[in-house]
Amino acid sequence: MAVAIATAFFSLPLAATPFAYISNQLGDSVSIIDTAQGRVVDTVAVQGKPAGVAVSLDGRYCYISTPEAKGFAVLDTQKREIIAKVKVSDGALGIAVSPDGKKIYVADWYDNTVAVVDADGFKIIATVAVGQSPSGLIVSPDNHWLYVANRLDNSVSKVDLATFTVKKTASVGTHPFGLTIDSRGERLYIANVQSDDVTVLETARMQPIATVKVNMLPYATALALNDSRLLVTNQDDGSVSVIDTASFKEIGLIPVGDKPEGISTHTDDRHVYVASWFDGTVSVLDAQTLRVVRTIKTGEGSRAFGQFIAR
Numbered sequence: 000m001a002v003a004i005a006t007a008f009f010s011l012p013l014a015a016t017p018f019a020y021i022s023n024q025l026g027d028s029v030s031i032i033d034t035a036q037g038r039v040v041d042t043v044a045v046q047g048k049p050a051g052v053a054v055s056l057d058g059r060y061c062y063i064s065t066p067e068a069k070g071f072a073v074l075d076t077q078k079r080e081i082i083a084k085v086k087v088s089d090g091a092l093g094i095a096v097s098p099d100g101k102k103i104y105v106a107d108w109y110d111n112t113v114a115v116v117d118a119d120g121f122k123i124i125a126t127v128a129v130g131q132s133p134s135g136l137i138v139s140p141d142n143h144w145l146y147v148a149n150r151l152d153n154s155v156s157k158v159d160l161a162t163f164t165v166k167k168t169a170s171v172g173t174h175p176f177g178l179t180i181d182s183r184g185e186r187l188y189i190a191n192v193q194s195d196d197v198t199v200l201e202t203a204r205m206q207p208i209a210t211v212k213v214n215m216l217p218y219a220t221a222l223a224l225n226d227s228r229l230l231v232t233n234q235d236d237g238s239v240s241v242i243d244t245a246s247f248k249e250i251g252l253i254p255v256g257d258k259p260e261g262i263s264t265h266t267d268d269r270h271v272y273v274a275s276w277f278d279g280t281v282s283v284l285d286a287q288t289l290r291v292v293r294t295i296k297t298g299e300g301s302r303a304f305g306q307f308i309a310r
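Residue 130 in this note's numbering sits at position 131 of the sequence shown, with consecutive numbering throughout.
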């Protein structure tokens with residue numbers, strides 16, 4: 000059954016299928032996966048230990064944080080070339096792009112700030128003070144709010160993008176890192192690395208509505224099947240937890256590569272891609288059958304922290 004599903008999926012028309020951009024931190028590169036063919040079709044050199052990834056909604060540009068280069072690189076996805084290197088700060092890690100593609104947000108791990116960068120001229124237009132060691136970033140679907148996971152503060156900040164000010168900060172689990180938001184902008188799901196759980200926040204009031212236990216060192220999250228399933232990478236046991244978002248119960252545990260980190264959902268809303276650091280691979284999961292349908296070799300230290308497939 001899994002083979003049949005994989006064959007049908009990977010024979011989809013090329014034009015209908017997006018690309019996945021996987022940062023290989025130890026290899027100073029980004030692997031470009033053609034999701035129709037299910038293989039790496041190009042590898043682009045990116046200096047500065049690339050980590051975070053954010054693909055514009057139209058898929059035209061991919062922004063890759065480069066902590067050792069103190070900023071981010073801009074990948075033109077049509078040319079498959081780096082067209083700009085932007086210096087932002089010493090601790091650049093988490094990165095996100097606005098739904099309209101006009102702004103790029105870069106979290107500074109050391110300065111406890113988020114830089115707001117104009118996507119046209121790559122100039123910093125604002126700097127927002129948040130909590131300690133900001134990591135994961137996500138913009139609301141309506142482009143009104145930026146949510147920031149503050150790892151050492153055990154909190155999430157809600158930033159008003161009209162004024163670039165923090166409107167509210169909510170306590171979550173221990174050492175939050177990756178986070179995602181549902182398609183209505185109503186719920187946030189935060190992976191808490193040290194408490195081995197996921198906090199579910201109601202965004203309007205920034206109040207927790209559930210805490211779901213997962214496996215060891217959860218790192219990042221992604222939603223699939225019309226937001227009905229949440230998938231969470233567990234770094235220390237090479238697995239992905241699958242949570243039913245109606246009952247907040249874990250309904251499956253999928254073995255993947257060693258040290259899974261970044262996770263993103265394909266535009267078909269069913270297949271979920273997981274980058275594994277130690278293996279240098281990407282596992283393709285079927286969120287319906289809860290199985291791995293393909294494993295793709297990428298590069299050394301595949302991290303892909305962020306939204307690495309255009310949605």
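Quick reminder that beta carbons are idealized off the backbone N, C-alpha and C, glycines included.
Pick from the options: whose alpha carbon is nearest that of residue i?
i: T288; options: T297, T264, S282, H270; result: H270
i: L74; options: R204, P140, P49, T294; result: P49
i: D196; options: V54, R186, A219, P133; result: A219
i: R79; options: L224, G100, I31; result: I31
i: T179; options: V291, I137, D89; result: I137
i: D117; options: V54, P133, G100; result: G100
i: V158; options: T173, L145, Q206, A125; result: L145
i: A128; options: F121, K122, A114; result: A114
i: A190; options: P175, G184, R204; result: P175
i: F277; options: T16, Y20, Q24; result: Q24
i: P217; options: D268, L224, V192; result: V192
i: S22; options: A72, I124, V213, D89; result: A72
i: G177; options: V147, M205, T42; result: V147
Taking C-beta to C-beta, are residue i and residue j nearer than 8 Å?
i: V211; j: E249; result: yes
i: V273; j: T244; result: no
i: S263; j: A221; result: yes
i: G58; j: A309; result: yes
i: V52; j: F247; result: no
i: P98; j: N149; result: no
i: D33; j: A44; result: no
i: Y109; j: I94; result: no
i: S240; j: G256; result: no
i: P254; j: G279; result: no
i: G135; j: N111; result: no
i: A35; j: S64; result: no
i: S182; j: D235; result: no
i: P133; j: A169; result: no
i: S194; j: G172; result: yes
i: S301; j: V291; result: no
i: T76; j: F121; result: no
i: A223; j: A286; result: yes
i: Y188; j: L229; result: yes
Below 7 Å, is the gap between the Cβ of residue i and the nearest heavy atom of the ligand PLP?
i: V231; result: Here there are no bound small molecules, and the ligand PLP is not part of this structure.
For residue i, does the three-state DSSP call read helix, strand or coil?
i: S301; result: strand
i: D196; result: strand
i: E185; result: coil
i: Q206; result: strand
i: D285; result: strand
i: Q24; result: coil
i: Q234; result: helix
i: Q46; result: coil
i: K296; result: strand
i: F277; result: coil
i: N111; result: coil
i: N149; result: strand
i: D191; result: With the sequence shown as reference, residue 191 is identified as Asn, and Asp is not the correct amino acid for it. Reduced to three states, the DSSP call for N191 is strand.
i: F176; result: strand
i: G100; result: coil
i: Q306; result: strand
i: D226; result: coil
i: A245; result: coil
i: L13; result: With a pLDDT of only 36 at L13, under the threshold of 50, the placement of this residue in the model should not be trusted; the figure read from the coordinates follows. Helix at L13.
i: S55; result: coil
i: V127; result: strand
i: D267; result: coil
i: A161; result: coil
i: V171; result: coil
i: V291; result: strand
Mind checking who residue i pairs with in its DSSP beta bridge?
i: K86; result: G70
i: F18; result: D33
i: Y60; result: D75
i: P254; result: S238
i: A118; result: DSSP, once it has assigned bridges, lists no residue as partnering A118.
i: I94; result: V105
i: L136; result: V147
i: I262; result: V273
i: D41; result: I31
Touching by the beta-carbon criterion (3+ pairs, under 8 Å), the segment 158-168 and the segment 190-201: no
Cβ contact check for the segment 72-88 and the segment 290-301: 3 or more pairs under 8 Å: no
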